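See structure below.
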Amino acid sequence: MKIIPDNIRKFLPITVVLITAMILLTGPAACDAPAGKIDRREFLESLKILGSVYERVMYNYVDEVDAEELLEAGIKGMTDYLDEHTAYLPPSFYEDLQVKTDGEFGGLGISINTRDHFPTVISPIEGTPAFFMGIQGGDQIVEVEGESAYDFTTQDAIELLRGEPGTEVTITIAREGVEDFEVTIERAIIKVESVPYAFMMDDIGYIRIQNFSRTTADELHTKLDELAVEKPRGLILDLRFNPGGLLSAACEVSDMFLEPKDLIVYTKGRLQSQNVQYFSEGSNVQLSDIPVIVMVNGSSASASEIVAAAIQDHDTGLVVGKTSFGKGSVQSVFRLSEDQALKLTTAKYYTPSGRSIHKDHLKEDSDFDLTAFGKPEDDEVEEVSREDKEIFHTDSGRIVYGGGGVTPDIEIEQSIMSEFEFALERDTALFRFAHIWAVDHDVDSNFTTSNEMLSAFNEFLVDREKLAEYLEVYEIAMTDSLLQANDEFMRRGLRREMLRKIDGAEAAYMVAIEKDEQLIETLELFKQTSSLDGLLALAAQWEADRVSKAEAESSDDSK
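Laid out in structure tokens, this is it:
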């Protein structure tokens, strides 16, 4: 084996870049390039300058520089120049993207988050190695392979716990009421649910899609079959806080709610190969004959918007909530190595009516973190008024709007958490106390929060250091009156976390949405009508009322 000297090894990354660029300009990858748009000599001269800068920095900068880090910084500079969705994907990000799109990974089968300094199991996934080994929600992972996990980030823990199926990992568990213990678990293929929740809410079916992966359509098909047994008279498709995913998955889901040969979406790019139309095939699925309402909000993006817009443009359902994120671009993933890739914007997409819902965002608003809850004091992004948007029309002639996301047919406000509620959730005090309480108390599926439990919880909060820090940020003092004012919220939160421990994530989710105002108002729409025509009529009336109110306000301002 030939040993490469360190002084030469440092420059291998940029050498690879230069060689690769020359291959791209002469090889198959150049065949689809727009004619006359790339001057090869200018391209190589620019690349030569880039290499020279890299070389000067490596040899002459005042401090020693890591070659790989410098190269990544240069790549980041290029991607930042382009748009908020183009990004270099180092190994950890590339692996995460593959998990999100493939819907599976090699691991133990636990949902974890760092709580009270240690990676903590939120819940095991049923039927996985962790589930069969008796891992429970609330278990803290204090060691991984003998290494302390104190102050591990969630990502730190994930990188150590995931691995090739068939390999083993030994973890040390701290559980309330027992001595710490070791357990060795064999990794397996873990399926990630894209459609985690589907259940009846009175006589209306409810389905939550949290992302769009290769398994989404099959999962949705299964959930629809299960709900069909209950004979719902309407369906709610909840796409809120769904950052998107695969274009192919969006088309497969849209297909379930459209007529055969309906246009779902079309893309237009710089290259001819990026100009593509996608049509429905008319999937034969259950519940395709009942009225559908799609829920979106400011964190519904990309594939979510494709589905919502297709249903809206073809009048096969109603869209309600708040205007979506506005990610009307398509990214292609180019592998750079076995574990690195470039996610590059290569086209923009247009809805069946011809509208673009794309909205430019800051780089820090990219789709990597669309599902994160904003702080209570965060200002909402100013929304473009309907009067300032370009008008398009659906199949039946209804007005819909382009630019700045998918504008819902009926807008429904969503209340945000109070500063105290946000601090309490951020501290995870509800989750931790529920697991402590369960050690010495018998609980079942009919659990309700007693006065005794709430009183003990209030005392528990006194020693929560992080909670005190969070409240200080909001200049809130922990007082009896504050706790009394939040009595209902804390009772519901404790019941949610106790049911999570007893019956799993879906039981906890059903408690969490009990006070979901957008969902409550959406259910009210179904109480007013049982038909799609009726829902569209309600939307027309809402729009007429909105226009009338806007005209009245404009008239008052002009006086």
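In short: position in the sequence shown from 1, add 19, done, that's the numbering used here. Glycine included, every Cβ here is placed at the ideal spot set by N, Cα and C. As the structure is a prediction and not an experimental result, all values here were calculated from the model.
Which residue's Cα is closest to the Cα of residue i: the options?
| i | options | result |
| --- | --- | --- |
| Glu603 | His460, Asn465 and Ala448 | Summary: the structure shown does not reach residue 603, with the chain confined to residues 20 through 578, and so no result is reported for it. |
| Ala320 | Met436, Ile455, Ala269 and Asp499 | Ala269 |
| Met472 | Arg483, His460, Val481 and Asp482 | His460 |
| Val284 | Ser267, Leu290, Gln291 and Ser292 | Ser267 |
| Gly301 | Gly153, Ala176, Glu278 and Ser415 | Glu278 |
| Ala327 | Arg289, Leu443 and Ile255 | Ile255 |
| Arg259 | Ile208, Ala236, Ile431 and Lys408 | Ile431 |
| Ser213 | Gly185, Glu178 and Gly263 | Gly263 |
| Tyr420 | Tyr80, Val338, Ala453 and Gln293 | Val338 |
| His377 | Glu324, Arg289 and Glu195 | Glu324 |
| Ile177 | Ile129, Phe231, Asp482 and Asn230 | Ile129 |
| Ser232 | Ala322, Asp135 and Ile309 | Ala322 |
| Glu525 | Glu198, Tyr297 and Ile141 | Ile141 |
| Arg374 | Ile208, Gln331, Glu572 and Leu486 | Gln331 |
| Leu290 | Thr365, Phe276 and Met219 | Thr365 |
| Pro138 | Ser404, Phe150 and Ser167 | Ser167 |
| Asp407 | Gly422, Glu249, Glu88 and Gly70 | Gly422 |
| Phe150 | Glu540, Arg206 and Val295 | Arg206 |
| Ser273 | Ala329, Val313, Leu246 and Leu557 | Ala329 |
| Val304 | Pro184, Arg134, Ala247 and Phe450 | Ala247 |
| Gln174 | Thr133, Pro251, Gly157 and Thr186 | Thr133 |
Can you tell me the Cβ-Cβ gap for residue i and residue j, rounded? I've got them flagged as a contact below 8 Å.
| i | j | result |
| --- | --- | --- |
| Leu361 | Leu355 | 6 Å |
| Gly253 | Gly182 | 44 Å between Cβ atoms; not a contact. |
| Ile192 | Ile160 | 7 Å |
| Val315 | Pro148 | Wrong, their Cβ atoms sit about 36 Å apart, outside the cutoff. |
| Tyr528 | Tyr216 | 5 Å |
| Asp414 | Pro110 | Actually they are not in contact, since the Cβ atoms of Asp414 and Pro110 sit about 46 Å apart, beyond 8 Å. |
| Thr342 | Gly424 | 4 Å |
| Ile190 | Val163 | 5 Å |
| Gly93 | Tyr73 | 7 Å |
| Thr468 | Leu513 | 5 Å |
| Leu555 | Asp334 | 7 Å |
| Ile228 | Asn261 | 6 Å |
| Gln547 | Leu557 | 6 Å |
Taking the beta strand (DSSP E) that residue i falls in, what are its first and last residues?
| i | result |
| --- | --- |
| Ile204 | Phe200 to Glu205 |
| Val313 | Val311 to Val315 |
| Glu143 | Position check: residue 143 holds Pro in this sequence, whereas Glu was assumed. Start and end: Phe137 to Pro143. |
| Arg417 | Unbroken run through Arg417: none, as it is neither H nor E. |
| Asn132 | Ile129 to Arg134 |
| Glu540 | No beta strand (DSSP E) holds Glu540; the alpha helix (DSSP H) holding it covers Glu536 to Gln547. |
| Met219 | Tyr216 to Met220 |
| Arg227 | Ile223 to Arg227 |
| Thr191 | Glu187 to Ala193 |
| Ala106 | Ala106 to Leu108 |
Quick check on the DSSP output: the alpha helix (DSSP H) that includes residue i runs from which residue to which?
| i | result |
| --- | --- |
| Leu513 | Asp506 to Asp522 |
| Asp326 | A small fix is needed here, since residue 326 is Val in this sequence, not Asp. Unbroken alpha helix (DSSP H) run through Val326: Ala322 to Asp332. |
| Lys485 | Glu484 to Val492 |
| Ile455 | Ala448 to Asp459 |
| Glu471 | Asn470 to Leu480 |
| Ile94 | Ala86 to Leu101 |
| Glu245 | Thr235 to Ala247 |
Say the cut is 7 Å; is the CB of residue i nearer than that to a heavy atom of the ligand MN?
| i | result |
| --- | --- |
| Leu266 | The ligand MN is not part of the structure shown, which contains no ligands of any sort. |
Does the region 508-526 come within contact of the region 236-249, defined as at least 3 CB pairs closer than 8 Å? With the cut-off at 8 Å, the region 508-526 and the region 236-249 do not touch.
Under 8 Å, with one C-beta from each stretch per pair, do the region 340-351 and the region 566-575 reach the 3-pair mark? Inter-segment contact for the region 340-351 and the region 566-575 is absent: fewer than three beta-carbon pairs are separated by less than 8 Å.
Every unbroken beta strand (DSSP E) inside the region 261-320 [3 residues or more]: Here the runs fully enclosed are 282-288, 295-298 and 311-315.
Kindly confirm or deny that the region 433-444 and the region 484-504 touch, where touching means at least three C-beta pairs closer than 8 Å. Flag = yes, the region 433-444 and the region 484-504 touch.
Could you pull out every unbroken beta strand (DSSP E) segment of at least 3 residues lying fully inside the region 333-378, listed in chain order? 337-340, 348-354 and 360-369, all fully within the region 333-378.
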